[in-house]
Amino acid sequence: MQSPFVLSLFAALAGSAMAGDFTKMDEALPSGIDLSSIYPLLDFTNDSCLPSAGISRNGTQNPGIAATDGITTDCRNADFNDLSNTYHRYACVDGPSSVQMCGDSGSSTYCGHFFSIYTTKDMDNSTTGHTNDWEKVIVWTEDGVATYGSYSYHATVGTAAASDIPQEDGHLKFVYYKEEDAVNDLYSHCFRFAEEDEEAENPNGEYFLPTVVSWYTMEGDNTTTAELQDDLNTYDYGKANFPQTDSIFLAKLNKFKPETFPNFTQNSVDISQ
């Protein structure tokens, strides 16, 4: 018979695993484009879960946690900086320049950058919600300059010109928060644009971005980039959908792009690595 100590230790380890606390993957930036001037900055309000890793370093799916016992119970780990990633994927396509000089029919390169965040649950109130949540912000660029920003909420996005979005050192600012929309009966979590001079509520005390891993360069332990892609392409997160899978990424790019952007193509997705 195992000792009570061993049984208690096993229970503690099992509870930790179910909590979805996976060590983050190391930073893996895209090889074909520079994110240094365009990456977004995020905040997470006090009534929200903090970000987690949606997949482990060896490719295990985060099981999330049950949507019970309070809106933020068990989903605000003090070590969240070591337990979370930002999942990036992008595509670029050439099209007519948005600024046409007299007699000039020049072209520009238009890109859409998805930055997705995972949390282990999303609760409307203290008793209802769902396990797992994926939300995203999008930075749209023309010739490497951020021109628009978008945030996800309830299967759609809100979009504005970059000049109308609060920024910090040129980086667009977004907030993950609990929506309170009694008119439309919407109370779950999503992103929004930061307010002007809005102070950060997350434990870091400043707007930040969890460690970025890009679709074609992410690496784990004892697994390959292709295997991690296959995992994310096939995992079922219940009511939450990872927005960068091969099956839906192109459609979402074209559905959510600013009206002034040309249509993205499958080739533009394939070559954007």
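Just so you know, we're using the working numbering here: the sequence shown kicks off at 2 and counts up by one.
Using N, Cα and C, we set each Cβ at its ideal position, and we do this for glycine too.
A quick note: this is a predicted structure, and the numbers were derived from the prediction, not measured.
In the same chain as T261, and ignoring 5 residues on each side of it, the C-beta atoms closer than 7 angstroms to its own belong to S99, in chain order.
In the structure shown, Q168 falls within a strand segment according to DSSP collapsed to helix, strand and coil. Only residues of its own chain outside the window of five on either side were considered, and among them T46, S49, H190, R193 have a CB closer than 7 angstroms to the CB of Y178, listed in chain order. In this structure, P263 sits away from V146, with a CB-CB distance that is not shorter than 8 angstroms. C-alpha of D83 to C-alpha of F209: approximately 13 angstroms in a straight line.
Within the same chain, N234 come within 7 angstroms of D247 by CB-CB distance, once the 5 residues on both sides are set aside. Residue burial annotation: K256 is exposed, with fewer than 16 other C-beta atoms found within 10 angstroms of its C-beta. Contact between F116 and P41 holds, with the beta-carbon distance rounding to 6 angstroms and staying under 8 angstroms.
When the Cα atoms are used, V214 and T128 turn out to be separated by approximately 33 angstroms.
A Cβ-Cβ contact shorter than 8 angstroms links Y119 with P52.
A contact between stretches requires three or more CB pairs, one per stretch, nearer than 8 angstroms, and the region 159–167 meets this requirement with the region 135–150.
Contact annotation, Q230 with L251: C-beta distance approximately 15 angstroms; criterion of less than 8 angstroms not satisfied. By the C-beta density criterion, H172 is buried, having at least 16 other C-beta atoms within 10 angstroms.
Of all alpha-carbon atoms in K122, S109, N59, F81, the one lying nearest the alpha-carbon of A67 is that of K122. If you draw a straight line from the Cα of D22 to the Cα of Q62, it comes to about 11 angstroms.
Judged by DSSP secondary structure, L51 falls outside any alpha helix (DSSP H); it is assigned neither H nor E. Straight-line measurement puts the Cα of T69 at about 8 angstroms from the Cα of G130. Apart from sequence neighbours up to five positions away, the residues of its chain that approach E197 with a beta-carbon distance below 6 angstroms are P167, ordered along the chain. Considered as a whole, the region 71–147 harbours 86–97, 108–124, 130–143 as its complete beta strand (DSSP E) runs of no fewer than 3 residues, in chain order.
Around the C-beta of P204, fewer than 16 other C-beta atoms lie within 10 Å, and the residue is accordingly described as exposed. Nearest to P244 by alpha-carbon distance, out of T24, C112, W135, is W135. For S269, there is no enclosing beta strand (DSSP E); the enclosing alpha helix (DSSP H) covers residues 267–271. Residue pairing by DSSP places Q245 opposite no residue, since no beta bridge is assigned to it. Contact between Y217 and N133 does not hold, since their C-beta atoms are separated by about 24 angstroms, which reaches or exceeds 8 angstroms. Ranking R90, N223, L36 by CA distance to the CA of I272 puts R90 first. In this structure N86 is buried. Its beta-carbon is surrounded by 16 or more other beta-carbon atoms within 10 angstroms. Taken atom to atom, the span from the alpha-carbon of P97 to that of T160 is near 21 angstroms.
At the C-beta level, A241 and D44 stay beyond 8 angstroms of one another. When secondary structure is reduced to three states using DSSP, A161 falls in the strand class.
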